[in-house]
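Residues 27 to 352 in the numbering used here are what the sequence shown spells out, letter by letter.
Virtual Cβ for every residue (Gly too), placed ideally from N, Cα, C.
From a predicted model like this one, the values you see are computed outputs, not experimental measurements.
One structure is given below, encoded as structure tokens.
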Amino acid sequence: MEENKYLKQLQAFPSFIDKEECQKFCMTNENLDVMQINIGKMCNLACKHCHVDAGAVRKEMMSKEVMEACLDVFEKDDFKTLDITGGAPEMNPNFQWLIEETGKRKIHTIVRTNLVILSEEGYTHLPELYAQNKVEIVASLPYYTEKDTDRQRGKGNFSKMISMLQKLNQLGYAKDPELVLNLVYNPGGAFLPPSQESLTGEFKRKLDHLYGVSFNYLFTITNNPIGRFGDFLERSGNLTTYMNRLISSFNPTTVEKIMCRSQLSVSWDGTLYDCDFNQALNLEVNGVNCIQDLKDIALRARKIVFGNHCYACTAGAGSSCGGATA
Ligand code: SF4
Ligand code: SF4
Numbered sequence: 027m028e029e030n031k032y033l034k035q036l037q038a039f040p041s042f043i044d045k046e047e048c049q050k051f052c053m054t055n056e057n058l059d060v061m062q063i064n065i066g067k068m069c070n071l072a073c074k075h076c077h078v079d080a081g082a083v084r085k086e087m088m089s090k091e092v093m094e095a096c097l098d099v100f101e102k103d104d105f106k107t108l109d110i111t112g113g114a115p116e117m118n119p120n121f122q123w124l125i126e127e128t129g130k131r132k133i134h135t136i137v138r139t140n141l142v143i144l145s146e147e148g149y150t151h152l153p154e155l156y157a158q159n160k161v162e163i164v165a166s167l168p169y170y171t172e173k174d175t176d177r178q179r180g181k182g183n184f185s186k187m188i189s190m191l192q193k194l195n196q197l198g199y200a201k202d203p204e205l206v207l208n209l210v211y212n213p214g215g216a217f218l219p220p221s222q223e224s225l226t227g228e229f230k231r232k233l234d235h236l237y238g239v240s241f242n243y244l245f246t247i248t249n250n251p252i253g254r255f256g257d258f259l260e261r262s263g264n265l266t267t268y269m270n271r272l273i274s275s276f277n278p279t280t281v282e283k284i285m286c287r288s289q290l291s292v293s294w295d296g297t298l299y300d301c302d303f304n305q306a307l308n309l310e311v312n313g314v315n316c317i318q319d320l321k322d323i324a325l326r327a328r329k330i331v332f333g334n335h336c337y338a339c340t341a342g343a344g345s346s347c348g349g350a351t352a
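Printed below as a string of structure tokens:
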């Protein structure tokens with residue numbers, strides 16, 4: 027498997043699994059809160075840091091049958107939040123059905139969007155669909171300046187993202203308490219994110235002052251040394267420096283709160299993983315590994331499949347799909 031070249035590269039570093047805290051918190055909770063579903067690897071962008079290696083040529087797409095199995099298990103096992111990701115999840119042909127269905131079932135739903143897709147032909151009606159169904163939006167915005175954002179996301183995309191944030195605000199996002207709009211920041215290079223609290227204040231001031239844009243929370247996420255970011259580290263000779271930075275910043279207090287302890291990650295074909303990073307590395311969960319099989323079996327606590335890529339979740343203030351954890 028091509029992706030496992032990253033695991034091999036990372037084996038040269040001190041073992042994450044051997045750490046005392048990782049042994050102590052290696053099991054998931056009995057009851058899980060978040061089901062994260064990756065509904066396709068196709069994306070309209072091809073960002074430099076993408077751990078999924080998503081892009082226009084990727085064809086993997088979750089079918090409606092797998093989506094239905096996810097929703098059934100979600101309700102049976104009393105998950106609290108459905109977190110939809112990709113690629114650009116909007117590009118899945120069953121996406122609109124999924125959002126309408128979660129709306130009908132009153133499921134708290136998050137969509138992770140790159141914003142740019144929402145201004146492309148065939149997708150411009152989606153912001154209204156999100157608002158009607160009270161979808162929580164998590165939008166990645168690398169920075170509040172055009173130069174830094176376009177460097178990560180491609181030329182011309184910053185202005186499209188700002189226009190879309192303005193539209194979401196007009197629809198009531200970040201104004202109406204039921205319409206939550208969160209932003210995601212990840213570093214543009216081989217360094218750890220700055221403090222989430224101080225960056226939130228900075229983003230709020232700048233985006234309001236320069237563009238009249240408001241949002242609820244900003245999540246800082248540490249880049250994982252796999253996928254296209256792993257390739258960049260290797261090409262630029264930064265892999266060892268970056269890994270040593272993550273390892274020397276290991277924060278034992280973050281291990282108890284790593285997101286895989288309270289979530290299940292489902293891939294486009296229904297295979298189960300502990301998180302989206304393990305999904306990108308083809309590291310399947312221990313135990314029942316298919317969403318369809320979970321329809322008739324009770325969900326149980328399972329031993330998490332750790333690897334040295336996990337240092338990215340436990341460095342400094344910690345990192346998860348919901349931002350810093352410490
Ligand atoms: S980081 Fe997100 S927006 Fe960028 S290529 Fe990957 S999936 Fe697409
Ligand atoms: S990379 Fe995945 S399995 Fe490892 S600590 Fe982070 S969330 Fe858990």
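### Task
Look up N208 in the DSSP assignment and give the residues it is bridged to.
DSSP links N208 through a beta bridge to V164.
### Query
Pick out every residue whose C-beta is nearer than 6 Å to a heavy atom of ligand 1: which are they, in chain order?
Here the list is C69, L71, A72, C73, C76, V78, A80, G112, G113, A114 and N140.
### Neighbour-count burial assignment, M53, 16 or more Cβ in a 10 Å radius
It is exposed - the Cβ of M53 has fewer than 16 other Cβ atoms within 10 Å.
### Task
Please classify K67: is it buried, with 16 or more other beta-carbons within 10 angstroms of its beta-carbon, or exposed?
K67 should be labelled buried.
### Task
With a 10 Å radius around its C-beta and 16 neighbouring C-beta atoms as the bar for buried, classify W123 as buried or exposed.
If you draw a 10 Å sphere on the C-beta of W123, you find fewer than 16 other C-beta atoms in it, and that means exposed.
### Query
Apart from the five residues on each side of it in sequence, which residues of its chain come closer than 8 Å, Cβ to Cβ, to I323?
Closer than 8 Å at Cβ, skipping near neighbours: V314.
### Task
Leaving aside the five residues before and after Q158 along the sequence, list all residues of the same chain whose C-beta is less than 8 Å from its C-beta, in chain order.
Sequence-distant partners of Q158 (beyond 5 residues in either direction) whose C-beta falls short of 8 Å from its own C-beta, in its chain, are G129.
### Task
If I'm right that F255 touches N249 with Cβ under 8 Å, what's the distance once you round it to whole angstroms?
Yes, F255 and N249 are in contact; Cβ-Cβ is about 5 Å, under 8 Å.
### Query
For ligand 2, which residues have a Cβ under 6 Å from at least one heavy atom, in chain order?
Ordered along the chain, the selected set is I284, M285, C286, D300, C301, F303, N304, I330, F332, H335, C336 and C339.
### Message
Would the stretch 328-348 count as touching the stretch 276-295 if we require 3 or more Cβ pairs under 8 Å?
### Response
With a cut-off of 8 Å, the stretch 276-295 and the stretch 328-348 count as touching, because enough Cβ pairs lie within range.
### Query
Using 8 Å as the threshold, is the stretch 142-150 in touch with the stretch 214-233, meaning 3 or more CB pairs across them?
No, they do not touch.
### Query
Could you give the distance in angstroms between the alpha-carbon of E56 and the alpha-carbon of R177?
Answer to the nearest angstrom: the Cα atoms are 42 Å apart.
### Task
Starting from F100, follow the alpha helix (DSSP H) in both directions and report where the run begins and ends.
In the DSSP assignment, F100 falls within the alpha helix (DSSP H) that extends over K90 to K102.
#### Entry: Proximal residues to F276 (C-beta, below 8 Å), its chain only, five neighbours per side dropped
Closer than 8 Å at Cβ, skipping near neighbours: K45, Y337, T340 and A341.
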